[in-house]
Structure formats: structure tokens, C-alpha cells
Amino acid sequence: MTHVLVPLAILEGESISAGLTTLLEPMDVTVLGYHVLPEQTPPDQARLQYEEQATDALTDLVAEFEAAGGRADHRLVFTHDREQTIDRIASETGADAYAITGVTGPIERLLVTVTGTVAVERICAFVAELVDERGIDITLFLATDDGTGGRESLESAATLLSEHGIDVETELAVDEPPVEGLIDAAAGHDAVVMGERAPSLRSFLFGEEAERVAAESVGPVLVVRNPEEPDDASR
Amino acid sequence: MGDTSSTGGTNIEGESPQVEPTVETDEATITDDAELERTLGLSGGLAIGIGTMIGAGIFVFPGLAAGEAGPAAAASFAVGALVALLVALPTSELATAMPKSGGGYYYISRGLGTLAGTVVGLSLWFGLVFATAFYLVGFGYYAVDTLAELGVAVGDGLVIPLALLFGAGFTVLNVTGTENAAKLQNGIVALLLSILVVFLGYGGLDAVGLVGESTAPEQFAPFGTLPILTTAALVFTSYLGFAQVATVAGEMKDPGRNLPLAMVGSVVIVGVLYVVTVFVATSAFGSEQLSEFGETAMVEVGRHYLGAAGAFAIVFGGLLATMSSANASVLSTSRAIYAVSKDALLPRRASHINLRYGTPHVALGMAGGPILLLVATGRVELLAEVASFLHLVMYGLICVALLAVRRDEPEWYDPDFRVPGYPAVPILGALASFALIGFMQRTSQFIGIGIMIVTAGWHAYYARDVTLKGVL
Numbered sequence: 001m002t003h004v005l006v007p008l009a010i011l012e013g014e015s016i017s018a019g020l021t022t023l024l025e026p027m028d029v030t031v032l033g034y035h036v037l038p039e040q041t042p043p044d045q046a047r048l049q050y051e052e053q054a055t056d057a058l059t060d061l062v063a064e065f066e067a068a069g070g071r072a073d074h075r076l077v078f079t080h081d082r083e084q085t086i087d088r089i090a091s092e093t094g095a096d097a098y099a100i101t102g103v104t105g106p107i108e109r110l111l112v113t114v115t116g117t118v119a120v121e122r123i124c125a126f127v128a129e130l131v132d133e134r135g136i137d138i139t140l141f142l143a144t145d146d147g148t149g150g151r152e153s154l155e156s157a158a159t160l161l162s163e164h165g166i167d168v169e170t171e172l173a174v175d176e177p178p179v180e181g182l183i184d185a186a187a188g189h190d191a192v193v194m195g196e197r198a199p200s201l202r203s204f205l206f207g208e209e210a211e212r213v214a215a216e217s218v219g220p221v222l223v224v225r226n227p228e229e230p231d232d233a234s235r
Numbered sequence: 001m002g003d004t005s006s007t008g009g010t011n012i013e014g015e016s017p018q019v020e021p022t023v024e025t026d027e028a029t030i031t032d033d034a035e036l037e038r039t040l041g042l043s044g045g046l047a048i049g050i051g052t053m054i055g056a057g058i059f060v061f062p063g064l065a066a067g068e069a070g071p072a073a074a075a076s077f078a079v080g081a082l083v084a085l086l087v088a089l090p091t092s093e094l095a096t097a098m099p100k101s102g103g104g105y106y107y108i109s110r111g112l113g114t115l116a117g118t119v120v121g122l123s124l125w126f127g128l129v130f131a132t133a134f135y136l137v138g139f140g141y142y143a144v145d146t147l148a149e150l151g152v153a154v155g156d157g158l159v160i161p162l163a164l165l166f167g168a169g170f171t172v173l174n175v176t177g178t179e180n181a182a183k184l185q186n187g188i189v190a191l192l193l194s195i196l197v198v199f200l201g202y203g204g205l206d207a208v209g210l211v212g213e214s215t216a217p218e219q220f221a222p223f224g225t226l227p228i229l230t231t232a233a234l235v236f237t238s239y240l241g242f243a244q245v246a247t248v249a250g251e252m253k254d255p256g257r258n259l260p261l262a263m264v265g266s267v268v269i270v271g272v273l274y275v276v277t278v279f280v281a282t283s284a285f286g287s288e289q290l291s292e293f294g295e296t297a298m299v300e301v302g303r304h305y306l307g308a309a310g311a312f313a314i315v316f317g318g319l320l321a322t323m324s325s326a327n328a329s330v331l332s333t334s335r336a337i338y339a340v341s342k343d344a345l346l347p348r349r350a351s352h353i354n355l356r357y358g359t360p361h362v363a364l365g366m367a368g369g370p371i372l373l374l375v376a377t378g379r380v381e382l383l384a385e386v387a388s389f390l391h392l393v394m395y396g397l398i399c400v401a402l403l404a405v406r407r408d409e410p411e412w413y414d415p416d417f418r419v420p421g422y423p424a425v426p427i428l429g430a431l432a433s434f435a436l437i438g439f440m441q442r443t444s445q446f447i448g449i450g451i452m453i454v455t456a457g458w459h460a461y462y463a464r465d466v467t468l469k470g471v472l
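Going down the list, the protein sequences come from chains A and B.
Each residue of the first sequence is one higher than the one before, counting from 1 in full-length UniProt numbering.
Each residue of the second sequence is one higher than the one before, counting from 1 in full-length UniProt numbering.
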């Protein structure tokens, strides 16, 4: 069963839009409520005061998923380091993807980018399971320097999805900055699916790619994780 | 929070200790409904230990200590390091068995019961307040010297006002949130260590006569052996940082490995630096002349070896170091208050945090207020000794708590690190801690005992019915 992690700054009133709840219905969902504390506050001190409040909010969110016909559970973490917490919970739950919540209504059209390091098959398999014969249309997007090669891999990915009865369009961006191209293409789509990227200097300076796309396209972003390397898990 | 156990009794306001079953893993502490992420690595732990310790001793004490013990002041620092090490080992064992926030207070209240816990917990609060005040006064001296090096001679009259200003500044900064304080702290510690290593490398070569001109040899212990021990009692304040590592035990990754390494490692690193520094300082000038330079004698030592640049490097280092010590101690104070109020020994509202900044503003105020009062007295040696007194009581009792817990090992006790040389090490640690108290000035001893009596009285009045022994 495919598993999606939905991290939320639970005490800052972050919530999940109805469109995303419905979209994730075929998946196993873990809602990760986290609260980031400044270094001078022990996490336990915050837990003592806010655990009940946060747990109530999380229980309500899980109930919403169940009302939409999905399966969900929740975890609550008090931390100094948001990234570390999301990484840890993602490995522990064996999540295949995580979601950046955004604002959206019912989801009719998804933008799926196959640019990046996560294998195209992995992303397509995830999308096929997500769409699950619900008549959601897909635009496949690829940014590349190699026009012919890019066209070919887009076509083969489109064939993969069409086999599941999904209506696919393709969009190729040649010699464009990938993130900017993706953000432009996201207009007219209700949500974005993309692959996880290894951290780079660029992502360090400008924030993670997925976060930028989420911020600029306003809608939700689903990030398909790289399968875990054995070395990674022992770190 | 209605499902928490009420077996711990209640205080006068009807609050009982918040004790919940937890599972400790290397990456998180897991309670019933929530998880607490462990985010500090070994380098973060070492930075807390070294950052708290390095400021006071190395920059404020050499002049004072040399005046009392002569060149043997180096031996006083070595004695202090040895005592700190004897305590750091048992503390490490207890910390790996109970990797939770609260540090020494936590182990003593669980090992020896509520009365000892209350006295130590509240004394630790006051001990840290005294220590922070001491660091801030040291900071004042260095700030005045910095101005002097920059050509603005303001005189010692500004020492206390500057210290007060910065004390208030730290408190406000900590309440409104210091997003990158830990990273800044790591940077400061790294910078300090490099300044000291360059300086000590050069000064050390000079001191043993390899470069520069040789100085007249001086008798090692001109005042005999007793001053070595009394000076060790005075300068022990320099080593108060290692146990602060235990107060963040709940936030440290892989605590079974990182806690002992951070505690023992920071004592060893700092101890070596101190001994070498004092040796170099007393070699540069006679101890008599050194003591005349007072709190900022190190600046003159820097000038002696490396000219104006050396003086400026030391003045700058001293400013950073006293700042880093003071900041780390303000934070530890608020953690001490939190640990005690969680166990219903202080009103629960003392540990409230505000959602806007996410900081414990009440506890930070309870640290900052008294600190400013004490800074205003400006009594460097007294502040340092009272701080040492209150910490030494805690260190001694930590060793006793280890002996008590080990004697009839309860089921929950499963440390990842066990003290080598048990029971000799904890027994020696306890004896050495209590003995060091005996070498202090009468005034410091009276103030220390007075504070302990007041805290015992508070226990009798406020939390007589609370029981904590053996409760995890």
C-alpha cells in the first residue's frame, strides 16, 4: 500500500484543504503534526502545555480523511529541527511520498514533472495509484537540454499512464530553468506531483525546490521520495 | 493530560508531578501521544560544555589566581579539572540511564528523594544565577578594556553599568527568540579555541625558553600548598559547564554515546587549556605583577607576547567568551526552573511558554531579574564562590545518588555507560566536591548554606507531600 506523509505546523493553524483530502483517498496517510521550538525551549516543556490542543486538532484531521473514505493516522512531534523530524518520520513510516498542503478545490488536473533524479517509473506508478480511475487528467512535464531524448522519455511515460486509462497531455521545456518552467506550467493545474531532489547548493540558497513550487503555485505539491539507500537508514 | 499518574503526591496548590511513561530511542523520546525530536549532535553537546566553561576561567581568573597561589595556580586549575572529571564520569552514567532534560536535579530527586531534589533544584537555579552574574561582571571588565584598546578610556566605573545593560539584553533576546543562537555559539567556541591555540602555542614555546628572552625563574608554590587548594575552590567556577550538557540530555541524539563523550571531552579539553594558559601567563610576568592586572590580566599577557594585536585578540576573545558563558547559563537557568516546576516543586506557571515566541518567558524572567540584582553588587570573587558552592553540593550529591541507585539497582536502571572504577570514582568525587567547599571563604559558605536552608524551608512549606524517589 502506498503511504503518504502530510506534515503540518499544527499549532500554527496549518490545515489540509478538502481537495487534498479527497485526492489522497486511495492512499494510506500519516498526518504529522509538528511544532518547531526555538533552541532555548526544551521540546518537553512545549509538549506539557500544548499536547492536548495539538492532539485534538490532529484527531479532527484524521476524522476528515476517514469521512472522505480514506485511511489515516497521526503522529505529533515537538522539535527544534523541522527537516530532521520530517525525514525521520518519513523513514519510520516508510512513506513513499510527502505532501505540502496548499489551497485547492476539487482536483481535476494534475501537473506531473518527471524532471529530476527519481525514476520515471516510480513517479508514474505513484500517479496511477493516486488517480485510481477517478477521471483526473494529467499533464506530464519535463525540462531538459536534450529535445529529442526528452520527447522520447515523455512519450514512454505517457504510454505507461495511458495503459491505466488516464488522459495524458505532455509538455516539454527545452533549455529553460527547470523550476521556473515548472512554476509557469503549474498555472491551470490543481496540484503538482514531483520527485524528491538531493539537496544542492541551489536548494540551500533558494529553499527546497518543492517548497518553492508550493509557495508560487499556491496549490498542494506531492513529493515522491527517493527509495531509501541502506546507508541512509543507519545515519 | 488527565491520564498522568497522581502517585507523586501534591503540592500546596494541588499540582502533582507530571510523570508519564516514555520510551527513549536514539532519535526521539516517545510519550503516549507525542514525540520529542533529539536534534543535538556530539559537536552541539561539546559546544554547550566548552562554551559555558571557557569564558570565566580562562579570561577572568589567571590574575586573581596567581595572586593567591603564585605559579602554582596552574596546579589549582589541574585540581579543579580532576574534581570535575571525578564528577563528570558518574554524571555521564546517570545521564545515559535517564536521558531527560533536567540534569543533576533529575538524578538526585530520583535517587535520593524529594527533599534533596528540591534543595538541589532550587540551589541550582540560584547557583546558575550567581554564575551568570559573575560572567556578566567579567564581561563588563572586558567591555571596558575593549573600549580602552579602541582608544576610548572610560575607566572601571562603567564595568557594572555595561554588565547590567548586557544582562538585560540577554534576557530580552532569549525571550523574543534567538533563532540561530546555537550555531552562533558553535562559531564563537570555534573562534575562541583557535585564538587560544595560536596564542598558547606561541606563548608556550616562549615560556619554556625556545623563543624570545627567558624570564627569571620563580618559585613554583611561594605560599605553600594550602593556597593551591583554596584557589582550586575559587577557580572551580571555571568548570561549571560540563553538567549543563546533562540538562539538554533529552535533546541529544544517540545519548548513550554522545552524553559521556560530550561531558568528559569538554572537561578534558577545557582543563588542558586552562592549565597551559595559567602556565603561560605566569611565565610571561611574575605572579605578583600578574595579580596587579586583576580581572583582565590576560590582555597584558597577550600584549607581552604578540604586541597590540595580541592584546586585541585576547580582549576580543574575552568579550566573546564571557558573553557565551553568560548566555548559556541564562538558558540553563530557565531549564532548571522548568525541571523543578514540572515536578510540582514550583508553581506550574513558572514553566509556561508563550506561543508567539515559543519561549519560556516566566522562567527567563526568574533568571534575569535576580541576575541583574547580583551584577549590581559587582563582587567578582564572592559571586564565583557562591556559584561554585551551590554547584559543588549538587555534584557531590550526584555521586551519592549514583551510589544509592547502584546499591539496590531498580529495574528501570539500565545505563549505556558505566563508571570505570566503581565505587572508588563516585566516592572520591563526592568527597572531593564536599572538601572543596571547605576551602572557601567564610562569607561564601554562609551565603551558600543560607540558600540551602531557605530551599529546604520552601520544600517543607510548599511541596512536603510530593514524592519523587524512584519515579521516572
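Here a beta-carbon is modelled for each residue, glycine too, at the ideal position from N, C-alpha and C.
A quick note: this is a predicted structure, and the numbers were derived from the prediction, not measured.
Within the same chain, and ignoring the five residues on either side of B:Gly203 in sequence, the residues whose Cβ sits closer than 6 Å to its Cβ are Val280, Tyr305. Any Cβ of chain B closer than 8 Å to the Cβ of A:His80 would place that residue at the interface, and such an atom is present. Scanning the segment 119 to 197 of chain A for uninterrupted alpha helix (DSSP H) segments of 4 residues or longer gives 120 to 131, 147 to 162, 178 to 186, listed from N- to C-terminal end. In the displayed model, A:Pro42 falls within coil according to three-state DSSP, outside both helix and strand. Beta-bridge pairing by DSSP links A:His3 to A:Asp28.
Residues of the segment 28 to 55 of chain A that bring their beta carbon within less than 7 Å of a beta carbon in chain B comprise Leu37, Pro38, Glu39, Gln40, Thr41, Pro42, Pro43, Asp44, Gln45, Ala46, Arg47, Leu48, Gln49, Glu51, Glu52, Thr55, in sequence order. Among the CB atoms of chain A, one or more fall inside 8 Å of the CB of B:Asp33. By the Cβ-count criterion, B:Ile449 is exposed, with fewer than 16 other Cβ atoms from all chains shown falling within 10 Å of its own Cβ.
Here B:Ala34 is buried. Its C-beta has 16 or more other C-beta atoms within 10 Å. Taking 8 Å as the cut-off, the beta carbon of A:His80 is found closer than this to the beta carbon of A:Glu39.
The CB of B:Glu251 comes closer than 8 Å to the CB of Pro42, Pro43, His80 in chain A, given here in chain order.
Interface flag for A:Thr85 against chain B is set, since a Cβ pair is found closer than 8 Å. Taking a cut-off of 8 Å on C-beta distances, the segment 246 to 255 of chain B touches the segment 76 to 96 of chain B, as three or more cross pairs fall below it.
Annotated as proximal: A:Val224 and A:Val118, with beta-carbon spacing under 8 Å. Counting along the chain, no beta strand (DSSP E) covers A:Ile10, and no H or E run does either. According to the DSSP assignment, A:Val224 belongs to the beta strand (DSSP E) that extends over 221 to 224.
Contact between the segment 127 to 142 of chain A and the segment 156 to 171 of chain A is present: three or more C-beta pairs spanning the two stretches fall below 8 Å. Bounds of the beta strand (DSSP E) holding A:Leu76 are 71 to 79. The CB of B:Thr230 never comes closer than 7 Å to any CB in chain A; the least such distance is about 36 Å. Closest by C-alpha distance to A:Glu25, out of A:Asp44, A:Phe65, A:Val114, is A:Phe65.
Proximity of A:Val77 to chain B, defined by a Cβ-Cβ separation below 8 Å, is satisfied.
In the DSSP assignment, B:Ile451 falls within the unbroken alpha helix (DSSP H) covering 442 to 462. Taken atom to atom, the span from the alpha-carbon of A:Glu121 to that of A:Phe141 is near 14 Å. Counting C-beta pairs closer than 8 Å gives three or more between the segment 452 to 468 of chain B and the segment 10 to 22 of chain B, which meets the contact rule. Comparing alpha carbon positions, the residue from B:Gly14, B:Thr39, B:Asp32 closest to B:Asp26 is B:Thr39. Residues of the segment 350 to 362 of chain B whose Cβ lies closer than 8 Å to any Cβ of chain A, in chain order: Ser351, His352, Ile353, Leu355, Tyr357, Gly358, Thr359, Pro360. Burial is judged here by how many other beta carbons sit within 10 angstroms of a residue's own beta carbon; A:Pro43 has at least 16 and is buried. At least one CB of chain A lies nearer than 8 Å to the CB of B:Arg335.
Contact annotation for B:Tyr105 against chain A: no contact, minimum CB-CB distance about 13 Å [criterion: below 8 Å]. CA-to-CA, the gap between B:Met53 and B:Gly271 works out to about 10 Å. Exclusion of the five residues before and after B:Leu319 leaves Tyr142, Thr146 as the residues of its chain whose Cβ lies within less than 6 Å of its Cβ.
In terms of Cβ geometry, B:Thr277 and B:Leu200 form a close pair [threshold 8 Å].
Under a criterion of Cβ atoms nearer than 8 Å, no residue of chain A is adjacent to B:Thr132; the nearest Cβ is some 14 Å distant. Note that the segment 372 to 390 of chain B touches the segment 158 to 165 of chain B; at least 3 beta-carbon pairs, one per stretch, sit closer than 8 Å. CA-CA distance, B:Ser101 to B:Ser76, rounds to 32 Å. Below the 8 Å Cβ cutoff, chain B contributes Glu27, Ala28, Glu37 as neighbours of A:Arg88, in chain order.
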